[in-house]
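Heads up: the sequence lines are chains A and B, in that order.
Those letters in the first sequence? Residues 14 to 265, per this note's numbering, in order.
Those letters in the second sequence? Residues 2 to 247, per this note's numbering, in order.
Structure first, commentary second.
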Amino acid sequence: MSNRDLQNTLAVFKREFLAYFNSPVFYVIVVIFLLAANGFTFFFSRILDFDDVSLATRFFVWHPWIYTVLAPAVGMRLWSEEHRLGTIELLMTMPVSPWQAICGKFLAAAGVWFIALALTIPIVFTMSYLGDPDSGPIISGYVASYLYAMACLALTSAVSAFTRSQVVCFIISVSFCLFIALIGDPSLTQTVVSAVPVGMESVVRFINYFSFMDHFFEMTKGIFVLRDVLYFVSVIVVALLVTDVGLRSKRA
Amino acid sequence: MIQVKNLIKTFGTKVAVDDVSFSVEKGEVLGFLGPNGAGKSTTMRMVTGYFQPTSGSVQLCGIDMLEEPELAKQRLGYLPENAPLYSDMTVASFLGFCAELRGIRGAARTQAIDRVLDLCFLDSVRNQSVDTLSKGYRHRTCFAQSIIHDPEVLILDEPTDGLDPNQKHEVRSMIKRMGQNKAIIFSTHILEEVEAACSRAIIIDRGKVVADGTPESLKKLVPGASSLDEVFRSITKSETAHKKAA
Ligand SMILES: Nc1ncnc2c1ncn2[C@@H]1O[C@H](COP(=O)(O)OP(=O)(O)OP(=O)(O)O)[C@@H](O)[C@H]1O
Ligand SMILES: [Mg+2]
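Here it is, written out as structure tokens:
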């Protein structure tokens, strides 16, 4: 990683990050995210009606479902917009490597998500005021939540590299994220396992193995395992590699 | 400074560029002519490293575009067809972004922006959003981007498209002036431009180079032709003639 790499990545990051603030998308998404995250916690999980102040089962549990819709909404513009405007041709003929551009853009979306997630901190203060939650699970819960969002964003980035339409990108990315969330749902897995013929069971288990959910819940419980972090990181890396493949295919 | 050898580009079964070779030296301005769909833009996209050629090689200032793309691209300024811009930026911030990617920072960056704003008559729209610019101004903004780092190699795809007559004249004389110490390729459908600004011209038809020479020597290719226009039409008319016959 040379200085030049860093500067190029930073330049792309800065442009993309500011672009979020110049468009209403960012504000709409942050507001919806906060409404959803707090709404589910207080109205569906009724966190205030229980003595249990653990955030894992009442706050973080909703995040994967929220991200399924909102992460694609944040990420869909990353490359689709570039294809639609034709600016991809400018960017790819600048002395910038595709990797610098891919990382810069991904980090910009990640930065936006960092802000959105940081704005949910008041709920932690509320819980600390009402009870005395362990800080360990809260921290690992936030890390898990953020990593989950990053994985969805990276997936969206990969999809957006293939299409010039943000709508198409959004729909496909949501489907992917939904699929990945659903295959990790324990009761759904159980239903499917009992429905499929004997022998196919292991296939279902195998697909289930690829879900983000197990890794996510392990972490929100406060069991901070390197394995789970590495899982998310590798998903992100693979998705960014696919983004590179997508960009190449457009230029081939 | 620009060396293109046996460039071929196919899209599926369609051959868009078919074995094109040419070279441009420092101090030369090469005009790219050809009917719509001839493969001018596709050739330029390969020369600038945007498209991967199906086969063939491109060298800019002795640097191979396929082997060391980032290094080669540093020498290059490029105005793509249709002048794409980031619609959420202002003219100045867009140029600033491009300068940064070219490695121009700090005070030099401000200077570079001011210089091209001045050269391309963009001072009045400096802080205007790119989205609200008129077509000609959009084109000039993208043109400004291509010369912000004073590159050795300049590739312009229809640089005068959408400009008013005054601006067309301005851009032509700018190209001619810059051509003295750069290698420039530009494509155009306006043949007077070739005579006004080019030291050499290439006519491409259906992916192949069908003529290469100075504007004067091209005129002599077709006996009895008095203008480049007539030469162009008689060299490339076969396609339209086929259509009419069919
Ligand atoms: N991405 C692509 N996929 C498939 N075909 C393409 C692609 N880009 C260009 N072509 C085809 O290649 C041929 C050459 O196109 P090109 O844009 O290079 O023409 P041009 O000479 O620039 O024409 P114009 O004067 O209209 O700008 C056309 O037939 C076009 O349809
Ligand atoms: Mg063209």
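Idealized CB from N, CA, C, for every residue including glycine.
As the structure is a computational prediction, the values presented were derived from the model and not from experiment.
For the stretch 101-130 of chain A, the beta-carbon criterion of a distance under 7 Å to any beta-carbon of chain B is satisfied by E102, L103, M105, T106, M107, P108, V109, S110. Taking C-alpha positions only, T100/A is separated from A86/A by approximately 21 Å. Within chain B, the C-beta atoms nearer than 8 Å to that of S36/A come from D89, in chain order. Comparing alpha carbon positions, the residue from G28/B, M175/B, P160/B closest to T189/B is P160/B.
Only residues of its own chain outside the window of five on either side were considered, and among them Q146, I149 have a CB closer than 7 Å to the CB of C99/B, listed in chain order. I184/A carries a helical assignment under DSSP once its states are collapsed to helix, strand and coil.
Residue side-chain check: K41/B places its Cβ nearer than 7 Å to a non-hydrogen atom of ligand 2.
Under the rule that a run must span 4 or more residues, the alpha helix (DSSP H) segments found entirely inside the stretch 140-216 of chain B read 166-179, 192-198. Against L98/A, the close residues of chain B are P85, L86, Y87, S88, in the order they occur along the chain (beta-carbon pairs closer than 9 Å).
At a beta-carbon threshold of 9 Å, none of the residues of chain B lie near N16/A; the nearest stands roughly 10 Å away. Collapsing the DSSP output to three states places D20/B in a strand. A contact is defined here as three or more CB-CB pairs under 8 Å, and the stretch 175-186 of chain A fails this definition with respect to the stretch 198-207 of chain A.
Using a Cβ-Cβ cut-off of 7 Å, Q168/B is close to nothing in chain A; its nearest Cβ partner there is about 21 Å away.
Along the stretch 20-32 of chain A, going in chain order, the ones with a CB nearer than 7 Å to a CB of chain B are N21, A24, R28, A32.
By DSSP's assignment, I3/B forms a beta bridge with V25/B, L61/B. Along the length of the stretch 47-128 of chain A, whole alpha helix (DSSP H) runs at least 4 residues long occupy 76-88, 90-98, 100-104, reported in chain order.
Taking 4 residues as the minimum length, the alpha helix (DSSP H) runs contained wholly in the stretch 142-176 of chain A are 148-173, in order along the chain.
For the 8 Å CB-CB criterion, D158/B and E82/B form a contact.
Residue contact with chain A for R110/B: absent (no Cβ-Cβ distance below 8 Å to any residue of chain A).
Relative to T11/B, the option among D115/B, K169/B, D20/B whose CA is nearest is D20/B. Contact between I203/B and A197/B is ruled out by a C-beta separation of about 17 Å, above the 8 Å threshold.
Secondary structure note for L77/B: its beta strand (DSSP E) is the uninterrupted segment 77-80. Counting C-beta atoms within 10 angstroms of its own C-beta, A265/A has fewer than 16 neighbours from the protein chains shown and is therefore classed as exposed. The Cβ atoms of V154/B and M47/B do not sit closer than 8 Å to each other.
The shortest C-alpha to C-alpha distance from A129/A to any of A162/A, K27/A, G52/A, N21/A is the one to A162/A. Set against 7 Å, the gap from the CB of F12/B to the closest heavy atom of ligand 1 is smaller. Among the residues of chain A, none has a CB under 7 Å from the CB of L123/B; the nearest is roughly 17 Å distant.
F33/B: member of the beta strand (DSSP E) spanning 30-34, first to last residue. Residues of chain A with a Cβ closer than 8 Å to the Cβ of K15/B do not exist; the shortest Cβ-Cβ separation is about 14 Å. At a threshold of 7 Å, G50/B does not count as near ligand 1, since its beta carbon sits no closer than that to any of the ligand's heavy atoms. The beta-carbon of A265/A is placed less than 8 Å from the nearest beta-carbon of chain B. In this model, S56/B and R201/B are separated by some 25 Å (Cα to Cα). Distances between the C-beta of E82/B and the heavy atoms of ligand 2 include at least one below 7 Å.
As the crow flies, the alpha-carbon of S235/B is around 37 Å from that of L98/A.
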